[in-house]
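Counting in numbering that gives the first Met the number 0, the sequence shown runs from 0 upward without gaps.
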Amino acid sequence: MVLTSYEIAFLLAKCGKPYSDGEIIKKSLDIFAKNANDSNISAYVNDISLSRNTIMRRIDEISSNISKQISCNTTNSKYFFLALDESCDITDNPQLSIFIRSVNSKFEVTEELLGLEVLETSTKGIDIFNKFKCCVETLLLKNDDLIWSKLESVCTYGAPCMIGKNFGCVTLLEEFLNRKLNKYHCIIHLESLCAKVLKFDHVLKPVSRCINKIKARPLNHRLFRTLFEDVINESGELLLFCEVRWLAKGKALERFWNIKDEVIEFLEKNNELPDECKLLRDKNWLNDLALLTDILGHLNILNKRLQGEGNLFPVLVGFINSFMSRLRLFESNLGMGNLNHFVRLKSIYLPTDTPLTIFKNHILTLFLSFQERFNRFKEEEDLNNLFINPFIISTHDLQKYNPNMQLEIIELQSSVVLKCKYKELPKIIEF
Numbered sequence: 000m001v002l003t004s005y006e007i008a009f010l011l012a013k014c015g016k017p018y019s020d021g022e023i024i025k026k027s028l029d030i031f032a033k034n035a036n037d038s039n040i041s042a043y044v045n046d047i048s049l050s051r052n053t054i055m056r057r058i059d060e061i062s063s064n065i066s067k068q069i070s071c072n073t074t075n076s077k078y079f080f081l082a083l084d085e086s087c088d089i090t091d092n093p094q095l096s097i098f099i100r101s102v103n104s105k106f107e108v109t110e111e112l113l114g115l116e117v118l119e120t121s122t123k124g125i126d127i128f129n130k131f132k133c134c135v136e137t138l139l140l141k142n143d144d145l146i147w148s149k150l151e152s153v154c155t156y157g158a159p160c161m162i163g164k165n166f167g168c169v170t171l172l173e174e175f176l177n178r179k180l181n182k183y184h185c186i187i188h189l190e191s192l193c194a195k196v197l198k199f200d201h202v203l204k205p206v207s208r209c210i211n212k213i214k215a216r217p218l219n220h221r222l223f224r225t226l227f228e229d230v231i232n233e234s235g236e237l238l239l240f241c242e243v244r245w246l247a248k249g250k251a252l253e254r255f256w257n258i259k260d261e262v263i264e265f266l267e268k269n270n271e272l273p274d275e276c277k278l279l280r281d282k283n284w285l286n287d288l289a290l291l292t293d294i295l296g297h298l299n300i301l302n303k304r305l306q307g308e309g310n311l312f313p314v315l316v317g318f319i320n321s322f323m324s325r326l327r328l329f330e331s332n333l334g335m336g337n338l339n340h341f342v343r344l345k346s347i348y349l350p351t352d353t354p355l356t357i358f359k360n361h362i363l364t365l366f367l368s369f370q371e372r373f374n375r376f377k378e379e380e381d382l383n384n385l386f387i388n389p390f391i392i393s394t395h396d397l398q399k400y401n402p403n404m405q406l407e408i409i410e411l412q413s414s415v416v417l418k419c420k421y422k423e424l425p426k427i428i429e430f
């Protein structure tokens, strides 16, 4: 029953529930045992300790054990990598999240949250570095022997306080280690930065005002929901969005597009936002809205593909390259008057409307932004190819690799057993 108590405490911690919920769970189990008319079950339930203090103590012990496991895994690893992210919580206190990924000699990968540190005052590079260094040394120290030599790379969100040339956190870390590290910018963050080159404020601001007029006022929201209940049930409620969460705008615009006619009817009936109503009936403005909604829809698909556990770096780079190829296709299609990949724009566009070359330029701008920000990944294309499929490396391409690796690649390619193993395993990481 002690193990059951620990497992329930772990579940409560994972779900972010209060310690007192343990007592509710026990009462629920008592009800189950009573209705089951089984005295044995009642005896087992009574033996489970789920009081508030017990749950708190169990979670503390689990947390301590996880920290020891991380320390042990990192100590026994061949290399480890760190990811840093700094943001403010709902009380405006800056917090530093530190994630660790370690790889041992058997190529077993472990990913964990190493620490969540509060930055009491400023968020300068030196402040982040001191907190980060203290957290790593506290958790990963063993017999006073630092394992900094196993650190290979650091991933950040690219802010000056992180990667500044003189006083950035990563720069200070390199000075501390007296060696260079592999530095990476978060791919999902890079993608959101690329999307910001789309200058559609003339579309987003009126849409935002319309949504706020309906959603931010309870009376308007109730009336709108009552009048158009069937449409809302089919297409969904209007969604609020803000500047910080750029990719959330895709869903908000999609919902707005689906019920834009109802929005016009509601606003005009209540004599609200006459300028916005005029825009909603302007054909060229609607074309811009349709184009932006379609583009953000494609970006949201990419964003979802980049998320999730177990995605390897070469796979993520492949998703980015695939999207860039799509942008080139979109640009080419728009040049030929083909709107097949822009469903909403195709549904309303007429040959007499805004020339498609303007829309083509927007796609080109987005492509150039992706090309500029992800240009560095081209430099590591050969290593990515080697990691994904070492058997496609030709003799000529071997010259691109380190001399120490060339003989190993040949030996790997010559192994029939490894070739069969590569084809049989479902995931690259298992190979």
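Ideal placement from N, C-alpha and C gives every residue a C-beta, glycine not left out.
Assigned exposure category for residue i - 16 Cβ within 10 Å defines buried
| i | result |
| --- | --- |
| residue 343 | buried |
| residue 298 | buried |
| residue 300 | exposed |
| residue 336 | exposed |
| residue 6 | exposed |
| residue 395 | exposed |
| residue 18 | buried |
Endpoints, alpha helix (DSSP H) assigned at residue i
| i | result |
| --- | --- |
| residue 412 | 402-412 |
| residue 301 | 282-305 |
| residue 133 | 124-139 |
| residue 169 | 168-176 |
| residue 207 | 200-214 |
| residue 314 | 312-334 |
| residue 120 | Unbroken run through residue 120: none, as it is neither H nor E. |
| residue 159 | 159-162 |
| residue 1 | 1-13 |
| residue 41 | 38-46 |
Anticipated Cβ contact below 8 Å, residue i with residue j, distance rounded
| i | j | result |
| --- | --- | --- |
| residue 152 | residue 177 | Not confirmed; about 17 Å, so no contact. |
| residue 69 | residue 138 | 6 Å |
| residue 47 | residue 109 | That belief does not hold up - the Cβ atoms of residue 47 and residue 109 are roughly 31 Å apart, past 8 Å. |
| residue 44 | residue 16 | Contact flag wrong, Cβ pair sits at about 19 Å. |
Test: residue i CB closer than 7 Å to a CB of chain C
| i | result |
| --- | --- |
| residue 72 | Considering every chain present, this structure includes no chain C. It has just one protein chain. |
Residue range of the beta strand (DSSP E) that includes residue i
| i | result |
| --- | --- |
| residue 456 | Lying before the first or after the last residue shown, residue 456 is absent from the chain, which here runs from 0 to 430. |
| residue 93 | 93-102 |
| residue 181 | 181-184 |
| residue 71 | First-last for residue 71: 51-74, but that is the alpha helix (DSSP H), not the beta strand (DSSP E). |
| residue 114 | 108-117 |
| residue 153 | 150-155 |
7 Å Cβ shell around residue i - same chain, five flanking residues per side excluded
| i | result |
| --- | --- |
| residue 76 | 101, 102, 103 and 149 |
| residue 373 | 189 and 319 |
| residue 144 | Confidence is the limiting factor: at residue 144 the pLDDT is only 49, short of 50, which leaves the residue's position unreliable, though a coordinate-based value still follows. Closer than 7 Å at the Cβ level, and outside the excluded window around residue 144, lies no residue. |
| residue 293 | 341, 342, 343 and 344 |
| residue 271 | 212 |
Contact set for residue i: own chain, Cβ-Cβ below 8 Å, skip 5 residues either direction
| i | result |
| --- | --- |
| residue 142 | Caution applies to residue 142, whose pLDDT of 46 falls short of 50 and renders its modelled position unreliable; the model cannot decide the point. |
| residue 370 | 323 |
| residue 65 | 111 |
| residue 408 | 385, 389, 392, 397 and 400 |
Same chain only: Cβ atoms within 6 Å of residue i, ignoring 5 sequence neighbours per side
| i | result |
| --- | --- |
| residue 0 | 46 and 47 |
| residue 405 | 397 |
| residue 261 | 227 and 230 |
| residue 21 | 49 and 54 |
| residue 13 | none |
| residue 415 | none |
For the 8 Å Cβ check, are there 3 or more pairs between the segment 153-169 and the segment 332-349?
no
So, do the segment 194-213 and the segment 248-256 have three or more beta carbon pairs nearer to each other than 8 Å?
yes
For the pair the segment 47-55 and the segment 126-136, tell me if three or more CB-CB distances fall below 8 Å.
No, because fewer than three Cβ pairs between the segment 47-55 and the segment 126-136 fall closer than 8 Å, the two stretches do not touch.
Between the segment 26-36 and the segment 72-88, do at least 3 Cβ pairs fall closer than 8 Å?
no
With a cut-off of 8 Å, do at least 3 Cβ pairs link the segment 353-368 to the segment 193-202?
Using a Cβ-Cβ distance cut-off of 8 Å, the segment 353-368 and the segment 193-202 are in contact, since at least three pairs of beta carbons, one from each stretch, lie closer than that value.
Should the segment 296-310 be called in touch with the segment 229-239, which here means at least 3 C-beta pairs below 8 Å?
no
Please determine if the segment 281-289 and the segment 344-354 are in contact, where contact requires at least 3 C-beta pairs separated by less than 8 Å.
Touching, yes, given that three or more Cβ pairs across the two stretches are closer than 8 Å.
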